[in-house]
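Step one of this worksheet: look at the structure below.
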Amino acid sequence: MVEGEDPFDIHALWRKMQVKALRWAPVGPSISALGGIEIALWDILGKALGTPVYQLLGGKAHDELRCYTSIANANKPQAQRLVDEGYSALKVAHVGEMLQERHISIPDLISQERAKVEAMREVLGESVDLILDPGMPFNRKPWLADTALRVVRALDEYQLLWMEQPVLQTNVDDYVRIRELCETPLAAGENETLLHGYKPFFEKRAIDIVQPDVTWCGGIAEDMKIMAAADAHDMRIVTHSFSSAVGLAANYHVGFANRNCFMVRYPEKDNPFGKALIGQAFEFEDGYIKPTGAPGLGIDIPDELIEEYPFVPNSGISHARSPFPRPTDPKWSPSNLDIASW
């Protein structure tokens, strides 16, 4: 689609790719794939000019950005270790519960969620911000609006930094209702593509925090539009960054270029190759990242790094090196997900 074209004509090439994809897949995975090409064009432009991508987007709006990371369920040893590493915000992600088929009563569900927060507070005190992610888009039996409303309202007293996707992202009116009746900030948006996918959230003031992912929403320019729209609607941004080092870097560049981005996700998972790559572009220290000023996205893959970390089949995130155990693994159990012992 873009072979032989001028890579500096990013907006024109994006439009050309969009038109080509219009008939077969105007949203969803195709946009993610085209966005990957668009991200590469920004990297080419930045490296050709010797400047980082965030400078091409208008320069830094922040000298540093605060980071959070995710843990599986209420894992106390892991939480303590992460705080010792400098994190001042942790997201408790629901693992295993997403696959449960049996009904849980609302009182038991509320008790279950309370127990997670209280377990974290026992270890961390009040100085660490907590985020709860019930992962409803990935749940076999997602909460209905009434269930989510009762759970979120029961957790208001704990002053969570936000509750992430308590209902399906397609149920925008449910977000509106929960937000009107609860104090806990609501976050959503990681699975949307293109600006128009976010419009209902903006127009109805359905959430407090928007979570675009540059590797999914359609690339860097589209992400900039989404963040500008969020700013116009007085919504804050937290980039969704569950990706490769290249994807992380792209998200961070857009985050640094936008004043309303107040936090990013910096993964703690044990991936020395990924850490070596992202470390070229952004330095992590005491729970914050700072850009190194390297041109483009800031990432190169020298031969010595490839030799140090050769490809190992079945070593990707869907296997044992993932921070989240998989149900196909013999060690996996929905009642025993102490990932610190893996």
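One point on numbering: in this note's numbering, the residue at position 106 of the sequence shown is 107, and numbering is uninterrupted. Yeah, the Cβ is synthetic: ideal placement off N, Cα and C, and Gly gets one too.
- Sorting A258, E309, L46 and I227 by C-alpha distance to the C-alpha of A189 places I227 at the top.
- Short of 6 Å from the beta carbon of A230, and not among the five residues preceding or following it, lie these beta carbons of its own chain, in chain order: F203.
- The beta strand (DSSP E) runs of length 3 or more contained entirely in the stretch 214 to 243 are, from start to end of the chain, 237 to 240.
- Spanning the alpha carbons of L150 and V3 requires a straight line of approximately 47 Å.
- In this structure, DSSP gives I132 an extended state, which the three-state scheme calls strand.
- For E181, the uninterrupted alpha helix (DSSP H) segment begins and ends at V173 to L182.
- Boundaries for S31: no beta strand (DSSP E) harbours it, while the alpha helix (DSSP H) harbouring it runs P30 to L50, taken from the DSSP string.
- In this structure, the beta-carbon distance from P201 to Q166 does not fall below 7 Å.
- With a threshold of 16 other beta carbon atoms within 10 Å, A250 meets it and is buried.
- If you compare the alpha carbons of P27, R154 and L195 with that of L182, the shortest gap goes to R154.
- Comparing alpha-carbon positions, the option among I105, A75, F285 and H104 lying closest to K92 turns out to be A75.
- Rounded to whole angstroms, the Cβ separation of S31 and W25 is 7 Å, and the two are in contact under 8 Å.
- Within the same chain, Cβ atoms closer than 6 Å to the Cβ of K48 are found at P296 and G297, the five residues on either side in sequence being excluded.
- Per DSSP, reduced to three states, the secondary structure at V313 is coil, with no helix or strand assignment.
- Residue environment analysis places Q160 among the exposed positions, since fewer than 16 neighbouring C-beta atoms fall within 10 angstroms of its C-beta.
- The count of Cβ pairs closer than 8 Å, one atom from the stretch 163 to 179 and one from the stretch 114 to 126, stays below three, leaving the stretches out of contact.
- For the 7 Å CB-CB criterion, A94 and A73 form a contact.
- Secondary structure at E123: helix, using DSSP grouped into helix, strand and coil.
- When the Cα atoms are used, V54 and N140 turn out to be separated by approximately 36 Å.
- For the pair of segments examined, the stretch 51 to 69 was found not to touch the stretch 108 to 120: the number of CB pairs separated by less than 8 Å stays below three.
- Every beta strand (DSSP E) stretch that sits fully inside the stretch 58 to 107 and reaches 3 residues is listed by chain position as 66 to 73 and 90 to 94.
- Taking a cut-off of 8 Å for Cβ pairs, the stretch 263 to 277 and the stretch 241 to 249 touch, as three or more such pairs fall below it.
- Closest by C-alpha distance to G51, out of V20, D224, V118 and G299, is G299.
- DSSP, read as helix, strand or coil, puts G248 in helix.
- In chain order, M228, A231, D232, M236, R237 and I238 place their CB closer than 8 Å to the CB of N261, counting only its own chain and leaving out the 5 sequence neighbours on each side.
- Going by beta carbons, Q170 and N192 fall inside the 7 Å limit.
- I307 sits in a helix when the DSSP states are folded into three classes.
- I290 carries a strand assignment under DSSP once its states are collapsed to helix, strand and coil.
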